[in-house]
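Asker: Residue numbers for the sequence shown follow our numbering, beginning at 7 and rising by one.
Shown below is the structure under consideration.
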Amino acid sequence: MGAFAPAPSELEKELLDLERRRCDAICANDLETIDAMMSDTLTYVHKSGSVENKVTYRQGLTDLREFKSVEREELAIRVFGDVAIMTGIQRVLVRTRGQEAFREITVFATQVWAKSGGTWQMDVYHSTGV
C-alpha cells in the first residue's frame with residue numbers, strides 16, 4: 007500500500023494560494039500584485055546565475071521578458087514561525103520581448119517567504135535548471 011501525503015494545513019493552503027497568485031500575476035504582467043508580493047529586500051537568482059533585486063526583477067518583467075505560462079508542480083512547504091520555505095519544480099513558457107518564439111524552462115526553485123505586519127512576502131527566489 008502506498009503512502010499518502012498529509013493534507014495541507016490552513017497556512018500551507020494560504021501559501022500555495024499566494025504562489026498561484028504570483029504565477030498568475032507574472033503571466034498577466036500585473037506589476038501591482040507582483041510589487042505587493044515581493045519584499046523590498048528581494049534577492050532573485052535565475053537559473054543562469056544572474057542575481058536581481060526587486061527593482062531590476064520588475065524592470066525585467068516590464069522591458070525584457072514576457073511569460074505565457076508559469077506552472078508549479080507539487081510544492082514542499084516548511085514553516086518556521088514567520089518564515090516559510092517553499093521548494094519544487096517550476097515550468098515556464100517565456101520569450102524575450104520582441105521575439106516570436108516562446109521557450110520552455112524547467113527549474114527547481116527554492117523560495118523564502120517572510121511574514122511582516124500580517125502579510126506574507128517573497129524575500130528570496132533561487133532556481134537551478136533541471
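All C-beta atoms in this analysis are idealised placements derived from N, C-alpha and C, irrespective of residue type, glycine included.
Everything numeric in this text was worked out from a predicted model, so none of it was measured.
Nearest CA to the CA of D129: which residue from S15, I40, E79?
Answerer: Ranking S15, I40, E79 by Cα distance to D129 puts I40 first.
Asker: Rounded to whole angstroms, what is the Cα-Cα separation between G55 and L81?
Answerer: Rounded to the nearest angstrom, the two C-alpha atoms are 22 Å apart.
Asker: Thinking C-alpha only, which one of D69, E16, C29 is nearest G104?
Answerer: Considering only alpha carbons, the answer is D69.
Asker: Tell me whether Q105 sits in a helix, a strand or coil according to DSSP, three-state version.
Answerer: Coil, per DSSP.
Asker: Once the 5 residues before and after Y63 are set aside, which same chain residues still bring their CB inside 8 Å of it?
Answerer: Cβ neighbours of Y63 beyond the five flanking positions: M44, L48, Y50.
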